[in-house]
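2 protein chains.
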Amino acid sequence: MCELLGMECNVPTDIVFSFSGLALRGGHKGPHADGWGLALYEGKAARTFLEPSAASNSPLASYVKNNPIKTLLAIAHVRKKTRGRVALENTHPFVRELWGRHFVFAHNGTIKGVRKFEIGRFQPIGDTDSEIAFCALLHELEKRFSSYPKSPRRLWSAVAKAGAELGAKGTFNFLLGDGAHLFARCATKLHYIVRKAPFRQATLADDDLSVNFASVTTPRDRVAVIATAPLTRDETWTAGSPGNMWVFRGGSLRATVPS
Amino acid sequence: MCELLGMECNVPTDIVFSFSGLALRGGHKGPHADGWGLALYEGKAARTFLEPSAASNSPLASYVKNNPIKTLLAIAHVRKKTRGRVALENTHPFVRELWGRHFVFAHNGTIKGVRKFEIGRFQPIGDTDSEIAFCALLHELEKRFSSYPKSPRRLWSAVAKAGAELGAKGTFNFLLGDGAHLFARCATKLHYIVRKAPFRQATLADDDLSVNFASVTTPRDRVAVIATAPLTRDETWTAGSPGNMWVFRGGSLRATVPS
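So the protein lines, in turn, are chains S and V. Residue 185 in the working numbering sits at position 185 of the first sequence, with consecutive numbering throughout. With the second sequence counted from 1, adding 1000 to any position gets you the working numbering.
1. Can you give me, in chain order, the residues of the region 1098–1131 of chain V that have a beta carbon less than 9 Å from any beta carbon in chain S?
2. Does the beta-carbon of lysine 1044(V) have 16 or more other beta-carbons within 10 angstroms, so that it is buried, or is it exposed?
3. Go through the region 43–114 of chain S residue by residue and report every complete run of the beta strand (DSSP E) that reaches 3 residues or more, in order.
4. Of all the CB atoms in chain V, is at least one closer than 9 Å to the CB of glycine 84(S)?
5. Look up leucine 1004(V) in the DSSP assignment and give the residues it is bridged to.
6. Do glycine 1126(V) and glutamate 1089(V) have their C-beta atoms within less than 9 Å of each other?
7. Using only CA atoms, which one of Asp234(S), Asp206(S) and Phe183(S) lies nearest to serine 252(S)?
8. Mind reading off the beta-carbon distance from serine 157(S) to valine 225(S)? Whole number of angstroms is fine, and I expect it under 8 Å.
9. Residues of chain S with a CB under 9 Å from the CB of asparagine 1057(V): which are they?
10. Helix, strand or coil: how does DSSP classify glycine 1167(V) here?
11. Grab me the residues of leucine 1176(V)'s own chain with a C-beta within less than 6 Å of its C-beta, minus the 5 sequence neighbours each way, in chain order.
12. With H, G and I counted as helix, E and B as strand and the rest as coil, what does DSSP make of phenylalanine 1213(V)?
13. Going along the chain, which residues of the region 1065–1093 of chain V sit with their C-beta nearer than 9 Å to a C-beta in chain S?
14. Grouping DSSP H, G and I as helix and E and B as strand, with all else coil, what is phenylalanine 145(S)?
15. Write down the C-beta distance between isoleucine 1111(V) and glycine 1170(V) rounded to the nearest angstrom, noting that I regard them as a contact closer than 8 Å.
16. Just mark proline 1059(V) as buried or exposed, buried being the case when its beta carbon has 16 or more other beta carbons within 10 Å.
17. Of all the CB atoms in chain V, is at least one closer than 9 Å to the CB of lysine 44(S)?
18. Inspect the beta-carbon positions of threonine 1013(V) and lysine 1065(V) and report whether they are closer than 9 Å.
19. In angstroms with no decimal places, state the Cα-to-Cα distance between proline 149(S) and glutamate 142(S).
20. Do alanine 1180(V) and proline 1198(V) count as a contact pair if the criterion is CB distance below 9 Å?
21. Quick check: alanine 202(S) and valine 211(S), are their CB atoms within less than 9 Å of each other?
22. Hey, is the region 1029–1038 of chain V in contact with the region 1068–1082 of chain V, meaning 3+ C-beta pairs nearer than 8 Å?
23. Please name the residue, chosen from Phe1094(V), Met1007(V), His1139(V) and Ser1018(V), that lies closest to aspartate 1208(V) on a Cα-to-Cα basis.
24. Quick check: the Cα distance between glutamate 131(S) and arginine 1233(V), rounded to an integer number of angstroms?
25. If you reduce the DSSP assignment to three classes, tell me which class isoleucine 1125(V) lands in.
26. Output the boundary residues of the alpha helix (DSSP H) element that contains phenylalanine 1019(V).
27. Leaving out the 5 sequence neighbours to the left and right, which residues in its chain are closer than 6 Å to alanine 54(S) when beta-carbon positions are compared?
28. Verify whether the separation of the beta carbon atoms of asparagine 173(S) and leucine 24(S) is less than 9 Å.
29. My understanding is that tryptophan 1237(V) touches isoleucine 1193(V), with C-beta atoms under 8 Å, so please give their C-beta distance in whole angstroms.
30. Enumerate in chain order the residues of its own chain whose CB-to-CB distance from arginine 1254(V) is below 7 Å, with the five nearest sequence positions on each side excluded.
Below, the structure written as structure tokens:
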């Protein structure tokens, strides 16, 4: 099993505070020492930092924390392997181009019999069930739409439907980014919070690190943070219901799409 | 115009010395201040460090130099934009998945009328001629082979043919990696060197930094380095002939394929 972290905002925001909390679970406070990754969008493109080793004592993870990069949309993952060896090619998040934009995907759980799903031209590079599920999901989207859908709601329901089909025989908590939306599907465990004015102080659940968001934000800022388990001890997170998929855009929850 | 750097070896090697030379040309000793990128393979997958800003004073480029990552195959690029604004999506090297492996591409030059080439399902994310040319090249390969060719020579000639077609109306110096080979096409300017025993000292052309390769290698090591302009002042580099494409594997020049 693994832990997921996503962030989606209406103004460019750095993910350092939340990523610090996640990285602690990557080998130090948690068992997820088999790799970590962080994808940060700039428009339709994402850049990705990946390491097939523990985040908690990684120099690259320290670099990311010490050199904040602001973004509207980020996806991170710490891995405890269930299927697939410890290797770069098996390290989430995975990235593929579809319709001239990067899609970024990270998964928590295990999907049985994933090889029976069609993947079309999206071939896995590694040997995780997660990457194959991502390929199958993109193949479903590409079959249904020849270009990025003009109606966002049609895309939302297509992602939810593909998620439900893949999740029917396994555990399919996932985060998916397309450069405009963050899709967050809960199979067993997922939480979110939207930070907005009036901003307050927050303290990491696994450390004494705290930040006063009032001092680093403006009143119009909205920042949605999604995580497997709540990352802070003094804020109220909303738990997901199994089978539901949240859609975030502009730092707001736009829809909860049932399976 | 831009500068290219590639490395292909028979034992995992870090690219720090050569990358340091390239990074100096990224805004400090050279005009290539509009972005830089470095892709490092581990097997069939590559991880990429990208920044749409000058390499010469980049903290991320410093991280890469201070935390050497060993690899068999690397491609780097410093950018001076000709077409396409300064943005992450326009920063080389570009990466796409084909046949279950990452292909990595960096280009020096400008291609006229590149939009008339078929790109199939490989859609550009940014607006450079380079990324479109990469899409067209991959589309040609996918049209010709349904999976990674068992005969390497058929792949070599297909890459060279696609390169010649794209390069017919422009300047198409490029580096292309597939996780096994490094393809290096010279349109106007490209150089290579193969470092092997007896190893000697080398000094960067643009700095006083030198390294004694004898102290960091074994007698069986072979390291091919390809660069737009020779990176060292005290070694003999081989210049490419316009239209020829080199194929490197195992730290050796395996073929020179004419257009």
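Glycine included, each C-beta is placed from N, C-alpha and C at the ideal position. As the structure is a prediction and not an experimental result, all values here were calculated from the model.
To lay it out plainly:
1. Here the close residues are Leu1098, Trp1099, Gly1100, Arg1101, His1102, Arg1121, Phe1122, Gln1123, Pro1124, Ile1125 and Gly1126.
2. That one is buried.
3. Listed in chain order, the complete beta strand (DSSP E) runs (minimum 3 residues) inside the region 43–114 of chain S are 45–51, 71–79, 94–98 and 101–108.
4. Glycine 84(S) has a beta carbon lying at 9 Å or more from every beta carbon in chain V.
5. Per DSSP, His1077(V).
6. Yes, the Cβ-Cβ distance between glycine 1126(V) and glutamate 1089(V) is below 9 Å.
7. Selected option, being the one with the closest Cα: Phe183(S).
8. Contact between serine 157(S) and valine 225(S) does not hold, since their C-beta atoms are separated by about 24 Å, which reaches or exceeds 8 Å.
9. Within 9 Å Cβ-Cβ: nothing; asparagine 1057(V) doesn't reach chain S, min ~13 Å.
10. DSSP places glycine 1167(V) within a helical segment (H, G or I) once states are collapsed to three.
11. Here the set comprises Phe1105 and Phe1183.
12. Of the three classes helix, strand and coil, the one that applies to phenylalanine 1213(V) here is helix, per DSSP.
13. Residues Asn1066, Asn1067, Ala1087, Leu1088, Glu1089, Asn1090 and Thr1091.
14. Phenylalanine 145(S): coil per DSSP, three-state reduction.
15. Glycine 1170(V) and isoleucine 1111(V) do touch by the CB rule: their CB atoms are close to 3 Å apart, below 8 Å.
16. Flag for proline 1059(V) reads exposed.
17. At least one chain V Cβ lies under 9 Å of lysine 44(S).
18. Taking the C-beta atoms as reference points, lysine 1065(V) is found no nearer than 9 Å to threonine 1013(V).
19. Roughly 10 Å between the two C-alpha positions.
20. No.
21. Yes.
22. Contact between the region 1029–1038 of chain V and the region 1068–1082 of chain V is present, because at least three Cβ pairs lie under 8 Å.
23. Considering only Phe1094(V), Met1007(V), His1139(V) and Ser1018(V), the residue with the shortest C-alpha distance to aspartate 1208(V) is Ser1018(V).
24. About 45 Å.
25. In the structure shown, isoleucine 1125(V) sits in coil (DSSP, three-state: anything other than H, G, I, E or B).
26. Residues 1016–1024.
27. Excluding sequence neighbours, alanine 54(S) sits near Gly26, Gly27 and Ala33.
28. Taking 9 Å as the Cβ cut-off, asparagine 173(S) and leucine 24(S) do not qualify as a contacting pair.
29. Your pair tryptophan 1237(V) and isoleucine 1193(V) checks out as a contact, with CB atoms roughly 5 Å apart and the cut at 8 Å.
30. For arginine 1254(V), where only same-chain residues beyond five positions count, the Cβ hits under 7 Å are Val1247 and Phe1248.
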